[in-house]
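Line by line, the protein sequences give chains A and B. Sequential numbering from 1 applies to the first sequence in the working numbering. Sequential numbering from 1001 applies to the second sequence in the working numbering. We treat Cβ as the ideally placed atom computed from N, Cα and C, and that holds for glycine. A quick note: this is a predicted structure, and the numbers were derived from the prediction, not measured. Data first, discussion second: the structure below is written as structure tokens.
Protein chains: 2
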Amino acid sequence: MKISRIELNSEQFFETGDKYFLPHLSLDCVIFGFHDNQLKILLLQWKDTFEWCLPGGFIYKDENIDTAAARTLNSRTGLDQIHLQQFHTFGGLDRQRGKEDTKKIKNMKGNSWLLERFVTIGYWALVEFSKVVPSPDELSSDCRWWNIDEVPTLILDHNNILLKALHSLQQNLNDYPIGKELLPVKFTMPDLQSLYETILNKKLDRRNFQKKVLAMGILERLNERKLGGAHKAPFLYKFNAKKYQKAMRDGLRFGLS
Amino acid sequence: MKISRIELNSEQFFETGDKYFLPHLSLDCVIFGFHDNQLKILLLQWKDTFEWCLPGGFIYKDENIDTAAARTLNSRTGLDQIHLQQFHTFGGLDRQRGKEDTKKIKNMKGNSWLLERFVTIGYWALVEFSKVVPSPDELSSDCRWWNIDEVPTLILDHNNILLKALHSLQQNLNDYPIGKELLPVKFTMPDLQSLYETILNKKLDRRNFQKKVLAMGILERLNERKLGGAHKAPFLYKFNAKKYQKAMRDGLRFGLS
DNA sequence: ACAAAAGTGTTAACCGTACACCCATGA
DNA sequence: TCATGGGTGTACGGTTAACACTTTTGT
């Protein structure tokens, strides 16, 4: 779902963005990926201040907020058709950039709409690490993955937003399956377990995990093993798309946490 | 926590409200009460169109969104210090009143900021029915309780907001205790069970319910029985405030649903 | 051969559910 | 005295959690 919209350069954006976007309202995406047995999130770095922040966006005046979130996610990752989950809206009075930022940020004047107080809608998304092409936006110099436990201090309340997103993801794990979005098509049982362990931040019993996850009936074991690693070659699995979607709709109790 | 704010009459509000409030952004409260073994919510009726809607409010430019929700709740119910739970933010393109409403609504001109598209933040609250003094706002002719299953067609997407709130409340029931907010200080076990049954919309086993709820360790049985009713007089209980708060913080698994 | 990882099955504890009997009260 | 609702305890079954042995593979 691509929607063609006006492209503004940074100066136009700072000065007249509020002609196109809802003022005082933004959205921020916590984009989770999984690689090397590590949970990672995508962060942006501001061009002039070098501060790190969550990839965020604004909402066109005639745009659904979920569509705006999808558009934002798409611009940062190149990905489409990703499940986005709205989890909380943040509206503290501290959600306002200091006027002194003007001095640091090129092209931004002291009366920019961006310096007003903002309420932001938080979304999280699960994406397949290897498919992402991190792309900075007009205002950013860098866009890259960070390990979840090495995230630096972020602007405003973005560290808090991240915490809430992680918590929401952990809650979600109790009621809905996870993995199809974060893992490659073919994966091993230890891969999946490692994913759960990383998100929940706790060790799980290998045998009980396998029993439970197989009982959900959303996995198919392939007649293939993952070769190349040391030690015994584990089977490869893939998700049964239909059953996975049904579980996403109807929920299931995974019983960990 | 009372905050004194400017009071506007309806004409001033329609014309210049956006001087004080964040434009395009509102909040709506689903206020749950419990009475006569029925789950109820508080609804408002518009003065001129006689449409029913959720009690909503706007956010002052220098006001925290949670504070704004508390203020709104307070103006409709007279209550203070109520637990409010933000559950979802609604931002569809249909969230805009038709211009034809101008003709129906006194003092509203076609260029009012209120006719713009709004994103609204949904909150629910649990209140003690008997303590509420329903109070219409400046724009409403009526404010009263409705049984949850007799709610009429509401404006915009308010019926949908209500549905989501109810669902969120039901989910909440699995992880957090409930009752202190909705029941009088002293209540009987059948009272509490009836509350749970009503919210979950299902019958529960009397004996198992009692076992489970006592096992949570947040109740204290009093040396009193509720007299006056027919049949055997049931014991009165009250919540242990400390343990209740701890459970509200840390969560617990109630295991119904 | 050895270490390290992966496949598989059994057992015990716990929790949820179903269910029955006795007691108090007003009609 | 009877109908109705309330107080309490037990027994069964399923789920979860703890746990051990064998197999495979690279070094």
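- By the C-beta criterion, the region 1170-1185 of chain B is judged not to be in contact with the region 1072-1079 of chain B, since fewer than 3 inter-stretch pairs fall below 8 Å.
- Residue pairing by DSSP places residue 123 of chain A opposite A/29, A/86 in a beta bridge.
- DSSP places residue 169 of chain A in the helix class (H, G or I) of the three-state scheme.
- Within 7 Å of the CB of residue 1092 of chain B, the CB atoms of chain A belong to 64, in sequence order along the chain.
- Secondary structure at residue 23 of chain A: strand, using DSSP grouped into helix, strand and coil.
- Of all residues in the region 17-33 of chain A, the ones placed with a Cβ closer than 7 Å to any Cβ belonging to chain B are 22, 23, 24, 25, in chain order.
- Against chain A, the CB of residue 1121 of chain B has a partner CB under 8 Å away; the residue lies at that interface.
- No residue range can be given for residue 1112 of chain B, since it is assigned to no beta strand (DSSP E) and is classified by DSSP as neither H nor E.
- Any Cβ of chain A closer than 8 Å to the Cβ of residue 1081 of chain B would place that residue at the interface, and such an atom is absent.
- Looking at the backbone, the Cα of residue 45 of chain A and that of residue 139 of chain A are separated by about 8 Å.
- For residue 130 of chain A, no alpha helix (DSSP H) run applies, since DSSP gives it neither H nor E.
- Residue 56 of chain A is bridged by DSSP to A/28.
- Listed in chain order, the non-local C-beta contacts of residue 1018 of chain B below 6 Å within the same chain comprise 1113, local neighbours out to five positions each way being set aside.
- Excluding its 5 nearest sequence neighbours in each direction, residue 1190 of chain B has C-beta neighbours in its own chain below 7 Å: 1234, listed in chain order.
- DSSP places residue 1245 of chain B within a helical segment (H, G or I) once states are collapsed to three.
- Straight-line measurement puts the Cα of residue 1250 of chain B at about 30 Å from the Cα of residue 1224 of chain B.
- For residue 1218 of chain B, there is no enclosing alpha helix (DSSP H), as DSSP marks it with neither H nor E.
- Per DSSP, reduced to three states, the secondary structure at residue 1237 of chain B is strand.
- The criterion of a C-beta distance shorter than 8 Å is not satisfied by residue 226 of chain A and residue 214 of chain A.
- Interface criterion met: the Cβ of residue 1117 of chain B is under 8 Å from a Cβ in chain A.
- Contact of residue 61 of chain A with chain B is assigned, a C-beta pair being separated by under 8 Å.
- Under the Cβ distance rule, residue 35 of chain A does not count among the residues neighbouring chain B, no pair being separated by less than 8 Å.
- The beta-bridge partner set that DSSP reports for residue 140 of chain A consists of A/46.
- Flagged as an interface residue toward chain B: residue 88 of chain A, by a C-beta distance shorter than 8 Å.
- Boundaries of the alpha helix (DSSP H) around residue 102 of chain A: 101-104.
- The region 1032-1042 of chain B and the region 1005-1019 of chain B do not touch, with fewer than 3 CB-CB distances between them shorter than 8 Å.
- Using a C-beta cut-off of 8 Å, the region 158-166 of chain A makes contact with the region 122-134 of chain A, since at least three inter-stretch Cβ pairs fall below that distance.
- For residue 193 of chain A, the enclosing alpha helix (DSSP H) covers residues 189-200.
- When secondary structure is reduced to three states using DSSP, residue 1158 of chain B falls in the helix class.
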